[in-house]
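Residues in the sequence shown are numbered consecutively from 31, following the numbering used here.
A virtual CB, placed ideally from N, CA and C, is assigned to each residue, including glycine.
This one's a predicted model, so the numbers in the text were calculated from it and none came from an experiment.
Just below is one structure, and these are the notes that go with it.
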Amino acid sequence: MEIENFLNILKEEIVPAQGCTEPIAIAYVSAKAVKVLGILPERVNIYVSGNMIKNVKSVIIPNSEGMVGIESAVSLGVTAGNSDDELMVISSLNKDEIKGAKKYLESNKINVIHDNTDVKLYVRVEVFYKNECSLVEIKHFHTNITRIEKNNKVLVEQICNDIDFKTTHEDRSILSIKAIYDFAKKVDVKKVESVFDQVIKLNSSIAKAGLNEEYGVNIGSLIQKNMNKGFYGNDIRNKCVSFTSAGSDARMSGCSLPVMTTSGSGNQGMTASLPIIKYVEEKKLSKECLLRGLLFSHLSTIHLKTNIGRLSAYCGVMCAASAVSGAISFLEDAKYETVANSITNSLGNISGVVCDGAKASCATKIATGIYAAFDSSMLALNNKYLHAGDGIISSDIEETIKNIGVLSQSGMKKTDEVILDIMQAKNRV
């Protein structure tokens, strides 16, 4: 039964999405509200949490000819979104539909309200046409619909424990680094091959686009170019960093290629996968090794992120990078203690990196995280690791992970508020 639990968690958490998941989630909820209403609304009210504002403000929406912001995401979803496609809701837009979305946006029919909720990921869209209205709400996860109304009649209502909500379906309490390590070592890889083949295909494609085209700050392609110049060494570490950050360069700057997300994030999905893909390629390891490494990396990312929550002031990419540090040691056939120590080293190093919204510079944080992952693995493989009492580190990896959860949820709550205040102040300048 435990095998099925792990597989169901993977199925829930590793899903395709086009573009940054926060604006896409807004487009999804907007499209769903219009589908319930049955007609293009005369006006729209959208209520969003601070973290949603933070993560939508600066990122380019893919397949939109450069549109940015909450109102843009709403207009795209309202006028042309297909809610049946969930996080691929606006993946099939044509030029006329984009033109129509821009016209709707210019009509000033969309009202954005900052909902002062403690739920980090919160969106409620209310749409109106004459005497008709509908409402769709999501909480906690990007497609987790908790309420649907039409003409003030409740059609769907899902009660959530907002205080410590972890998951919609599969119980994550079975996850631990030891359980993940044992599972990744022993499972028949044919059971996970189809999902990770999609991860390899989609995430590699967008990484290659980031290396070959101009996107964002282009840190991925510039690392590669400077490896060729001799400014960076032509080694496996720099190759993995270049490949991974290039994917984020493309994704956060409007590339229309989809990615396979992990824990609700494309950046986390790419971080958990692309360095492993490149590492295995450079080391000429087998397909089986690749699948087991990806399995360990993704499940560890999910485990770490479950303790933090979908959105936080804690940069989620650092969860994935910490998982990668363990996966590198795992691919070196290290024993469990060494793999756990690799993750501990990363958590003790990069847990202070803040999330200040989704934007092009996320690629630079990914680069930082992957560089740290290699350092952390290298230290552990040489029997060097952080010990209990070193700051937030405990004697047990699971206790350290709990500490990270407390740090992100309680310790960084005010940080989140200050970051949002700064970002909104910039918006007024």
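Whole-Å CB distance - residue i paired with residue j, under 8 Å assumed
i      : j      : result
ILE143 : LEU329 : Not a contact, Cβ separation roughly 37 Å.
ASP279 : VAL247 : 7 Å
ALA357 : GLY323 : 5 Å
ALA397 : VAL289 : Contact flag wrong, Cβ pair sits at about 17 Å.
LYS389 : MET282 : 6 Å
GLY99  : LYS84  : That belief does not hold up - the Cβ atoms of GLY99 and LYS84 are roughly 12 Å apart, past 8 Å.
THR147 : SER79  : 5 Å
TYR415 : ASN379 : Not really, about 11 Å apart at Cβ, beyond 8 Å.
ASP446 : ASN174 : Contact flag wrong, Cβ pair sits at about 20 Å.
ALA343 : CYS385 : 6 Å
PHE360 : PHE326 : 5 Å
THR292 : ILE449 : Rounded, the Cβ-Cβ distance is 23 Å, inconsistent with contact.
ILE373 : ILE338 : At roughly 14 Å, the Cβ-Cβ gap does not stay under 8 Å, so ILE373 and ILE338 are not in contact.
Identified DSSP bridge partners for residue i
i      : result
ALA47  : VAL289
VAL149 : Paired residue(s): none; VAL149 is not in a bridge.
ARG177 : GLU167 and GLU187
ARG154 : TYR77 and GLU167
ILE90  : VAL98 and SER283
ILE344 : Residue 344 is actually Tyr in this sequence, not Ile. BP columns for TYR344 point to VAL384.
Residue range of the unbroken alpha helix (DSSP H) whose run includes residue i
i      : result
ARG281 : 266 to 281
TYR401 : 392 to 411
MET461 : Since the first residue of the chain shown is 31 and the last is 459, residue 461 is not available in this structure.
TYR366 : 366 to 380
TYR134 : 125 to 136
GLU318 : 317 to 338
ASP227 : 223 to 242
Start-to-end residues for the beta strand (DSSP E) that takes in residue i
i      : result
VAL142 : 140 to 144
Simplified DSSP assignment, three categories, for residue i
i      : result
TYR159 : strand
SER295 : strand
ASN75  : strand
ASP194 : With a pLDDT of 48 at ASP194, under the threshold of 50, the predicted position of this residue should be treated as unreliable, and no value is reported.
ILE210 : helix
TYR262 : coil
VAL247 : coil
SER352 : helix
ILE434 : helix
GLU362 : coil
SER55  : For clarity, residue 55 is Ala in the given sequence; the question names Ser instead. Helix, per DSSP.
SER303 : helix
GLY421 : coil
LYS104 : Before going further, note that residue 104 is Val rather than Lys in the sequence given. Here VAL104 sits in helix by DSSP.
LEU37  : helix
Cβ pair count under 8 Å reaching 3, the stretch 236 to 246 against the stretch 217 to 224
no
Pairing CB atoms from the stretch 94 to 103 with CB atoms from the stretch 48 to 65, are three or more of them under 8 Å?
yes
Is it true that the stretch 251 to 262 meets the stretch 68 to 78, where meeting means three or more beta-carbon pairs spaced less than 8 Å apart?
no
Taking contact to mean 3 or more Cβ pairs, one atom from each stretch, closer than 8 Å, check whether the stretch 32 to 52 and the stretch 81 to 94 are in contact.
yes
Evaluate the contact criterion for the stretch 122 to 130 versus the stretch 31 to 42: three or more CB pairs, one atom per stretch, below 8 Å.
no
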